[in-house]
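Note that the UniProt record's numbering has the sequence shown beginning at 1, numbered continuously upward.
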Amino acid sequence: MTEQTEPDEGSNDIRTPILAVVGRPNVGKSTLVNRIIGRREAVVEDKPGVTRDRVSYDANWNGRAFTVVDTGGWDPDAEGLAERISAQAEVAVGLADAVLFVVDATVGITDTDEAVVKVLRKSGRPVVLAANKVDDQRTEAEAFALWNLGLGEPFPVSALHGRGSGDMLDAVLAALPETPEETIGHELGGPRRIAIIGRPNVGKSSLLNKLAGEERVVVDDASGTTVDPVDELVELGGRTWKFIDTAGIRKRVKTASGHEYYASLRTATAMERAEVAVLVIDGSQSISEQDMRIIQTVRESGRALVICFNKWDLVDDERRYYLEREYERELVQVQWAPRINITARTGWHIDRLIPALDAALAGWETRITTGALNSFLGRLVAEHPHPVRGGKQPRILFGTQAQTSPPTFALFTSGKLDAGYERYIERRLREEFGFVGTPIEIQVRPRE
Ligand code: GDP
Ligand code: GDP
1 MTEQTEPDEG
11 SNDIRTPILA
21 VVGRPNVGKS
31 TLVNRIIGRR
41 EAVVEDKPGV
51 TRDRVSYDAN
61 WNGRAFTVVD
71 TGGWDPDAEG
81 LAERISAQAE
91 VAVGLADAVL
101 FVVDATVGIT
111 DTDEAVVKVL
121 RKSGRPVVLA
131 ANKVDDQRTE
141 AEAFALWNLG
151 LGEPFPVSAL
161 HGRGSGDMLD
171 AVLAALPETP
181 EETIGHELGG
191 PRRIAIIGRP
201 NVGKSSLLNK
211 LAGEERVVVD
221 DASGTTVDPV
231 DELVELGGRT
241 WKFIDTAGIR
251 KRVKTASGHE
261 YYASLRTATA
271 MERAEVAVLV
281 IDGSQSISEQ
291 DMRIIQTVRE
301 SGRALVICFN
311 KWDLVDDERR
321 YYLEREYERE
331 LVQVQWAPRI
341 NITARTGWHI
351 DRLIPALDAA
361 LAGWETRITT
371 GALNSFLGRL
381 VAEHPHPVRG
391 GKQPRILFGT
401 QAQTSPPTFA
411 LFTSGKLDAG
421 YERYIERRLR
431 EEFGFVGTPI
441 EIQVRPRE
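Rendered as structure tokens:
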């Protein structure tokens with residue numbers, strides 16, 4: 001997975017930190033963005049709410065590179081101005097490492113500004129407050145009133161003349177993380193968390209026994225009594241792995257038909273605590289409704305996935321023929337998952353599980369730099385533009401990987417994308433960057 005996690009040239013960061021600029025229309029956001037990037041690239045119009053073509057800009061201050069995103073103009077579904085700006089702030093905090101909140105000091109605090117503050121506070125993201133349009137000493141006092149927003153020190157600036165922008169940018173750099181926050185899927189250095197799932201009788205406990213040995217290496221017992229171990233620590237390939245909710249497997253609670261609901265609940269809860277699922281399917285039998293429901297649970301959980309076809313000793317040529325067809329038809333939604341064929345009873349091919357788990361976890365935690373993602377998106381659109389819909393052609397303006405575990409992408413567009421086009425983007429992302437063993441989430445943010 002090295003090429004896609006490699007840092008951008010000349011930078012030690014995995015990606016450059018992102019600063020989102022938020023504020024009401026006409027407070028001077030674009031003018032300030034121009035000031036920050038030192039170019040007259042962003043369009044400034046006197047009309048409020050003018051839409052712009054570009055949204056992200058590379059900036060550099062005191063030798064540190066960061067990306068500025070102008071969030072003006074997105075309107076998910078909100079109605080009034082306050083709702084629109086709050087929604088915009090929500091988008092901003094979802095993708096940014098820090099927020100620059102711009103207020104017009106000559107106007108003072110409005111209800112809309114207060115609404116934005118609520119969103120920003122809740123997010124816990126660092127916020128720098130710019131009191132704009134402080135063009136001279138005389139108006140500086142007006143900036144002080146903005147202390148009442150409760151966001152700390154307001155930085156008086158004049159986006160138009162440049163006054164005070166140096167101090168504000170110093171504060172921005174202080175707010176941006178040196179290395180952007182990673183979503184850490186597991187406690188650092190702790191064991192990887194695995195859930196073995198599958199319907200009854202597919203061979204889960206046989207697999208667990210083969211992996212752990214009949215003797216449990218360590219019992220990680222949450223309740224303090226050793227009667228009913230919940231998780232087990234197992235040493236495999238020189239590393240310790242934590243198997244989640246093995247009690248459910250060891251106790252062999254054979255689910256009577258009416259209890260399938262509880263079995264699903266147990267699966268869902270185990271998934272919640274795990275990083276990667278090992279889905280065991282009985283290869284000797286047709287893939288069932290129940291298998292499909294479990295696959296659905298895994299997909300919804302956003303966890304990494306490895307698929308094990310067990311009881312391979314019982315799979316003859318004829319069964320194999322049908323199994324491959326069922327696999328292509330029924331498991332089309334999870335074709336990205338590494339697949340292994342095993343015989344848990346004898347231990348045949350069990351050594352293939354660890355490399356498969358490693359691959360799936362690596363895919364799950366892959367981070368694409370903002371630069372690499374946008375050059376990829378540029379190529380993708382050039383090769384295959386979105387079809388024209390109602391005389392308009394939605395365009396992708398900017399993308400960023402908002403999260404890992406699982407990889408989650410936010411795409412800023414000039415209109416809604418067809419579901420088919422979203423699938424195309426996912427397919428191309430996988431071709432380009434791998435993402436073995438992990439679901440991918442794509443969040444489209446159309447501009448109105
Ligand atoms: P946006 O809608 O928040 O992006 O605001 P703009 O950057 O388009 O600016 C709105 C208007 O305010 C424009 O007419 C700008 O020239 C003006 N403006 C922006 N910054 C300043 C400033 O620092 N001082 C003054 N006096 N006017 C400004
Ligand atoms: P669980 O309910 O998913 O935990 O399944 P078990 O591990 O209890 O296995 C159910 C039955 O399948 C038992 O009779 C096992 O001996 C049998 N079994 C498990 N793995 C294999 C295998 O690889 N080959 C064969 N032939 N039988 C297996």
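From the three backbone atoms N, C-alpha and C, an ideal C-beta is built for every residue, glycine too. All figures in this text were calculated on a predicted structure; none of them were measured in a lab.
- Could you have a look at Lys210 and say whether DSSP puts it in helix, strand or coil? Three-state DSSP puts Lys210 in a helix.
- Message: I'd like the ranges of any alpha helix (DSSP H) spanning at least 4 consecutive residues and lying wholly in the region 381-441.
- Response: Unbroken alpha helix (DSSP H) runs of no fewer than 4 residues, entirely contained in the region 381-441, are found at 419-433, following chain order.
- If we call anything under 8 Å between Cβ atoms a contact, is Ala92 one with Leu176? Going by C-beta atoms, Ala92 is not nearer than 8 Å to Leu176.
- Message: Contact between the region 396-409 and the region 361-378 is defined here as three or more beta-carbon pairs at a separation below 8 Å; is this criterion met?
- Response: Using a Cβ-Cβ distance cut-off of 8 Å, the region 396-409 and the region 361-378 are in contact, since at least three pairs of beta carbons, one from each stretch, lie closer than that value.
- Item | Neighbour flag for Phe144 against chain C, beta carbons, 8 Å | Chain labels in this structure do not include chain C; a single protein chain is all it has.
- Task: Grab the span of the beta strand (DSSP E) containing Asp104 for me, first residue to last.
- Result: Following the DSSP letters along the chain, one finds Asp104 inside the beta strand (DSSP E) bounded by residues Ala98 to Asp104.
- Task: Taking the CB atoms as reference points, tell me whether Gly23 and Val103 lie closer together than 8 Å.
- Result: Between Gly23 and Val103, the C-beta gap is smaller than 8 Å, which places the two residues in contact.
- Determine, using beta carbons only, whether Thr343 and Asp313 come nearer to each other than 8 Å. Remark: C-beta atoms of Thr343 and Asp313 approach each other more closely than 8 Å.
- Query: Taking 7 Å as the cut-off, does the CB of Thr31 come closer than this to any heavy atom belonging to ligand 1?
  - Reply: Yes, Cβ of Thr31 sits closer than 7 Å to a heavy atom of ligand 1.
- Task: Taking all protein chains shown into account, decide if Asp167 is buried (16 or more other Cβ within 10 angstroms of its Cβ) or exposed.
- Result: So Asp167 ends up on the exposed side.
- Taking the beta strand (DSSP E) that Ala131 falls in, what are its first and last residues? Residue range Val127 to Asn132 is occupied by the beta strand (DSSP E) that includes Ala131.
- Item | Nearest-angstrom Cα separation, counted from Gly378 out to Ile396 | Linking Ile396 to Gly378 through their CA atoms gives a straight-line distance of about 8 Å.
- Task: Look at Ile354 and Ala277 and say whether their C-beta atoms are less than 8 Å apart.
- Result: The answer is no: Cβ separation not under 8 Å.
- Arg35 versus Thr71: straight-line alpha-carbon distance, rounded: If you take the alpha carbons of Arg35 and Thr71, they lie about 16 Å apart.
- Are Ile109 and Ala145 close, meaning C-beta to C-beta below 8 Å? With a cutoff of 8 Å on beta-carbon distance, Ile109 and Ala145 are scored as near each other.
- Message: Can you tell me where the alpha helix (DSSP H) holding Val355 begins and where it ends?
- Response: A small fix is needed here, since residue 355 is Pro in this sequence, not Val. Leu353 to Trp364 is the span of the alpha helix (DSSP H), which, as asked, contains Pro355.
- Query: How about the region 281-292 and the region 322-336: do they share at least three Cβ pairs that are nearer than 8 Å?
  - Reply: Of all C-beta pairs linking the region 281-292 to the region 322-336, three or more are shorter than 8 Å, placing the two stretches in contact.
- Item | Range covered by the beta strand (DSSP E) that runs through Asp64 | It is worth fixing the name first, because residue 64 is Arg in this sequence and not Asp. In the DSSP annotation of this structure, the continuous segment of the beta strand (DSSP E) that includes Arg64 starts and ends at Arg64 to Asp70.
- Glu153 - containing alpha helix (DSSP H), residue span: Here Glu153 belongs to no alpha helix (DSSP H), and DSSP marks it neither H nor E.
- Query: Looking only at DSSP bridge pairs, what is Val341 linked to?
  - Reply: Reading the sequence as shown, one finds Asn at residue 341 and not Val. Partner(s): Phe309.
- Item | residue 462 in three-state terms, based on DSSP | This structure cannot speak to residue 462, because the chain is shown only from 1 to 448.
- Roughly how many angstroms separate the alpha carbons of Gly28 and Asp358, rounded to a whole number? Distance between the alpha carbons of Gly28 and Asp358 is about 49 Å.
- On the three-state DSSP scale, how would you describe residue 493? Outside the shown range of the chain, which is 1 to 448, sits residue 493, and nothing can be said about it.
- Residues of its chain near Val298, where Cβ-Cβ distance is below 8 Å and the 5 sequence neighbours each way are ignored: Only Ile197, Met271, Ala277, Leu279, Leu305 and Val334 meet the Cβ criterion.
- Message: Is any non-hydrogen atom of ligand 1 found closer than 7 Å to the C-beta of Asn310, if you look at the structure I gave you?
- Response: Checking every heavy atom of ligand 1 against the Cβ of Asn310, none is found closer than 7 Å.
- Query: Is there at least one non-hydrogen atom of ligand 2 closer than 7 Å to the beta-carbon of Arg267?
  - Reply: According to the sequence provided, residue 267 is Thr. The question's Arg does not apply to it. The answer is no for Thr267.
- On the DSSP bridge assignment, give the partners of Val276 in chain order. According to DSSP, Val276 bridges with Ile194 and Ala304.
- C-beta contact flag for Thr67 and Ile18 at 8 Å: Using a Cβ distance threshold of 8 Å, Thr67 and Ile18 count as a contacting pair.
- Secondary structure of Arg320, DSSP reduced to three states: Arg320 falls in the helix class under three-state DSSP.
- Nearest-angstrom Cα distance between His186 and Arg320? Only weak support exists for where His186 lies, its pLDDT of 44 falling under 50; the value from the coordinates is given anyway. For His186 and Arg320, the distance between alpha carbons rounds to 37 Å.
- So is Gly238 buried or exposed if we call it buried at 16+ other beta carbons inside 10 Å? It is exposed - the Cβ of Gly238 has fewer than 16 other Cβ atoms within 10 Å.
- Taking 7 Å as the line, does the beta carbon of Thr343 fall inside it for any heavy atom of ligand 2? At least one heavy atom of ligand 2 is nearer than 7 Å to the Cβ of Thr343, so yes.
- Quick one: grab the DSSP three-state call for Trp147. Trp147 falls in the helix class under three-state DSSP.
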